[in-house]
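Peer 1: Supplied in structure tokens, the structure appears directly below.
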Amino acid sequence: MLQIQQIRADKDSIIDRILKIRKLDVTSQVNEIFDLDLKKRETQKTLDDFSSKMNIISSQIGDCFKNGDVDKANNLKKETTDLKDQIKSLKNTFNSLDNLIKELLYQIPNLPHDLVPPGKTDEDNQIIYSAETKNLMNSDLLPHWDLCSKYNLIDFELGVKITGAGFPVYKGKGAILQRALIQFFLNEANQNGFQELLVPHLVNETSGYGTGQLPDKEGQMYHVENDDLYLIPTSEVPITNIYRNDIIEENNLPIKHVGYTPCFRREAGSYGKEVRGLNRLHQFDKVEIVQITHPSESYNTLDQMVNYVEGLIKKLNLPYRKLRLCGGDLGFTSALTYDLETYSVGQNKWLEVSSISNFETFQSNRLKLRYRDKNRNLQLAHTLNGSALALPRIMASLLEINQFQDGIHIPEVLKPYTGFEKI
RNA sequence: GGAGAGGUGGCAGAGUGGUAAUGCAACAGCCUGCUAAGCUGUCAACGAGCAAUCGUUGCCAGGGUUCGAGUCCCUGUCUCUCCGCCA
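Given below as structure tokens:
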């Protein structure tokens with residue numbers, strides 16, 4: 012959530028920027044917030060004055076009772092009745108203004124960074140690097156779903172039987188390969204200074220708001236109504252929320268975590284070949300890296316994280332490309348996002364395997380995640396996260412590009428983890 | 001799931017209706033050959049003011065009673081103990 016101070020200071024440039032880069036018009040919401048904020052502060056001033064009067068009278072009454080001056084006390088009591096009503100109604104006004112402002116603030120997306128290209132759809136994303144794919148195309152190559160049934164690696168039908176579409180069952184070497192990838196990603200992250208966490212797969216409503224999934228993506232999460240808990244759509248939610256309401260000493264920054272969890276997404280509205288095979292699932296595995304940094308460091312950190320994830324893809328020998336997301340494609344909470352996509356030779360298309368974002372203070376403001384600076388003042392920290400990596404599409408690309416007459420060859424770096432060299 | 005007890009600042013821990021003691025830790029300043037100690041202040045949110053500063057709020061959350069609530073009442077929630085169930 013944007014800080015109210017930003018809107019007070021410079022609301023027009025916020026409106027401009029979101030319109031120009033994200034192609035989203037928030038004029039009326041921002042102006043309304045601005046006006047309501049004025050009213051809110053006015054209300055607080057009167058409320059404070061009245062409360063102050065009330066406090067003074069109350070303590071006078073206390074003194075009177077101590078001195079046995081009951082008549083005077085009773086007279087003073089009469090004075091308070093009016094005051095009391097006014098305070099009550101001012102408080103109601105204040106609270107409803109406060110809630111209105113919050114609701115509206117929740118609807119304003121993050122301000123895009125200078126590097127974000129303007130644009131509406133994924134066609135406006137900037138391609139920063141792309142592997143050459145011409146030589147890779149070959150109509151004999153099978154898509155991964157065919158490979159999965161040919162070698163009995165993943166059974167999509169079985170998942171339908173026991174749960175529903177989008178919940179595949181991994182079998183035998185398919186399951187082992189999946190586990191090997193997870194282990195590989197976790198070990199690499201550990202070696203790069205990310206502390207590993209194993210976190211809950213369900214979170215409460217507050218956590219959902221903390222990282223911004225709520226209210227923006229309400230319909231995308233599975234909701235357990237009996238206990239009012241949500242299945243996590245990414246481990247970003249539990250990991251970042253660990254630091255909700257926390258104050259971190261400046262010299263403990265940056266904080267670096269890695270976590271593996273399954274992720275659950277309802278993916279309402281998805282259909283057709285977009286959801287074929289491993290392309291889009293309701294439950295999938297992901298290793299996620301999260302960092303909390305000093306504001307002055309967050310963009311360096313973002314670059315490092317992107318480099319790190321690129322390194323993983325390179326070690327797996329997968330052709331990939333790197334995109335800088337345009338305003339329209341940029342997530343609600345993000346200020347700058349890079350996507351990494353690996354090439355699917357069996358489908359002749361790019362698959363998003365990682366999304367790495369800097370949220371600046373957008374999440375930390377909601378989370379009240381702060382650090383204490385050199386002057387002992389509290390400042391909002393910056394939060395970042397990225398997939399490192401999302402398993403299903405890596406699996407898809409990997410199976411497809413390593414298919415040969417004699418089977419599927421396991422990439423060199425994974426052999427120690429799988430214990431076999433070929434499927 | 002049933003019964004009981006409890007939730008107070010970074011931590012520890014007082015406080016049963018009069019406006020949050022005290023200790024430890026941390027930070028800043030002062031003081032003293034050095035160190036230790038000592039003294040003073042700070043340590044949450046919001047608002048007003050150029051500022052020193054001032055006001056309001058804050059004792060798990062939300063309501064209520066009262067001139068006044070950490071304290072009394074109601075609801076929720078979490079923790080602990082006992083019982084039940086269980087990998």
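Taking my numbering, I'd label the letters of the first sequence as residues 12 to 434. C-beta atoms are modelled at their ideal positions from N, C-alpha and C, and glycine is treated no differently.
(1) Using 10 angstroms around the beta-carbon of Arg33, count the other beta-carbons present and answer buried if the total reaches 16, otherwise exposed.
(2) Mark Leu341 as exposed unless 16 or more other C-beta atoms lie within 10 angstroms of its C-beta, in which case mark it buried.
(3) Measure the C-alpha to C-alpha separation of Leu225 and Glu236 and round it to an integer number of angstroms.
(4) Does the Cβ-Cβ distance between Ala200 and Lys297 come in under 8 Å?
(5) From which residue to which residue does the alpha helix (DSSP H) around Tyr162 run?
(6) Spell out a yes or no on whether the region 349-369 and the region 390-405 are touching, meaning 3 or more CB-CB pairs, one atom from each, closer than 8 Å.
(7) Under the three-state reduction of DSSP, which class applies to Ile405: helix, strand or coil?
(8) Excluding the five sequence neighbours on either side, which residues of its own chain have a C-beta within less than 7 Å of the C-beta of Tyr140, listed in chain order?
(9) Helix or strand or just coil, what does DSSP make of Lys297?
(10) Can you tell me whether Arg276 is buried or exposed, with buried defined as 16 or more other CB within 10 angstroms of its CB?
(11) How many Å lie between Leu197 and Val248 at the Cα?
(12) Measuring CA to CA, which of Lys102, Leu13 and Met406 is closest to Gly288?
(13) With a threshold of 7 Å on Cβ separation, who are the neighbours of Ile26 within its own chain once the five nearest residues in sequence on each side are excluded?
(14) What is the DSSP secondary structure of Asp80, counted as helix, strand or coil?
(15) For Gly230, count neighbouring C-beta atoms within 10 Å of its own C-beta (all shown protein chains included) and say buried if the count is 16 or more, exposed if not.
(16) Give the range of the beta strand (DSSP E) segment to which Asn215 is assigned.
(17) Give me the Cβ distance between Val214 and Ser246, rounded to the nearest whole Å; I'm assuming they're in contact under 8 Å.
(18) Just to check, is the beta-carbon of Gly397 closer than 7 Å to a non-hydrogen atom of the ligand HEM?
(19) Whose C-alpha, out of Val269, Leu425 and Ile434, is nearest the C-alpha of Gly397?
(20) Please look up how many angstroms separate the CB atoms of Leu378 and Arg291, rounded, as I've assumed it's under 8 Å.
(21) From Pro265 to Ile303, what distance separates their C-alpha atoms?
(22) If you run the structure through DSSP and keep just helix, strand and coil, what is His305?
(23) Enumerate, from N- to C-terminal direction, the unbroken alpha helix (DSSP H) stretches of 4 or more residues contained entirely within the region 63-150.
(24) Can you name the residues that DSSP bridges to Pro154?
(25) Please state whether DSSP places Phe182 in a helix, a strand or coil.
(26) Return yes when the Cβ of Phe373 is within less than 8 Å of the Cβ of Asn121, no when it is not.
(27) Among Asp23, Thr353, Ser150 and Phe167, which has the Cα closest to the Cα of Pro330?
(28) Quick check on this structure: which residue in Asn376, Lys64 and Leu242 has the alpha carbon closest to the alpha carbon of Pro306?
(29) If you count every other CB in all the chains shown that lies within 10 Å of the CB of Phe195, and 16 or more means buried, which is it?
(30) Among Ile419, Ser355 and Leu380, whose alpha-carbon lies nearest the alpha-carbon of Leu147?
Peer 2: In this structure, then:
(1) By the C-beta density criterion, Arg33 is buried, having at least 16 other C-beta atoms within 10 angstroms.
(2) Answer is buried; the Cβ neighbour count reaches 16.
(3) In this model, Leu225 and Glu236 are separated by some 15 Å (Cα to Cα).
(4) For Ala200 and Lys297, no; Cβs fall outside 8 Å.
(5) Element bounds for Tyr162: n/a, residue is neither H nor E.
(6) The region 349-369 is in contact with the region 390-405.
(7) Correct three-state label for Ile405: helix.
(8) Residues of the same chain with a CB within less than 7 Å of the CB of Tyr140, apart from the 5 flanking positions on each side, are Arg332 and Lys333 in chain order.
(9) Three-state DSSP puts Lys297 in a strand.
(10) Looking at its Cβ environment, which holds 16 or more other Cβ atoms inside 10 Å, Arg276 is buried.
(11) Counting only the Cα atoms, Val248 lies some 18 Å from Leu197.
(12) That would be Met406, whose Cα lies nearest to the Cα of Gly288.
(13) Taking Ile26 as the centre and dropping the five residues before and after it, the same chain places the C-beta of Val37, Thr38 and Val41 closer than 7 Å to its C-beta, in chain order.
(14) Correct three-state label for Asp80: coil.
(15) By the 10 Å Cβ count, Gly230 comes out exposed.
(16) Unbroken beta strand (DSSP E) run through Asn215: Leu213 to Asn215.
(17) Between Ser246 and Val214 the Cβ distance is about 10 Å, and since that is not below 8 Å, they are no contact.
(18) Looking for the ligand HEM in the displayed structure turns up nothing, as the structure carries no ligands at all.
(19) Residue Val269 is the option with its Cα nearest to Gly397.
(20) Contact doesn't hold; Cβ gap of about 29 Å is too wide.
(21) Rounded to whole angstroms, Pro265 to Ile303 spans 5 Å at the Cα level.
(22) It is coil, neither helix nor strand.
(23) Runs found: 81-117.
(24) Under DSSP, Pro154 takes part in no beta bridge, so it has no partner.
(25) One point to set straight first is that residue 182 is Lys, not Phe, in the sequence displayed. Coil, per DSSP.
(26) In this structure, Phe373 lies closer than 8 Å to Asn121 by Cβ.
(27) Per the Cα distances, Thr353.
(28) It is Asn376.
(29) Burial check for Phe195: the Cβ neighbour count within 10 Å reaches 16 or more, so the residue is buried.
(30) That would be Ser355, whose Cα lies nearest to the Cα of Leu147.
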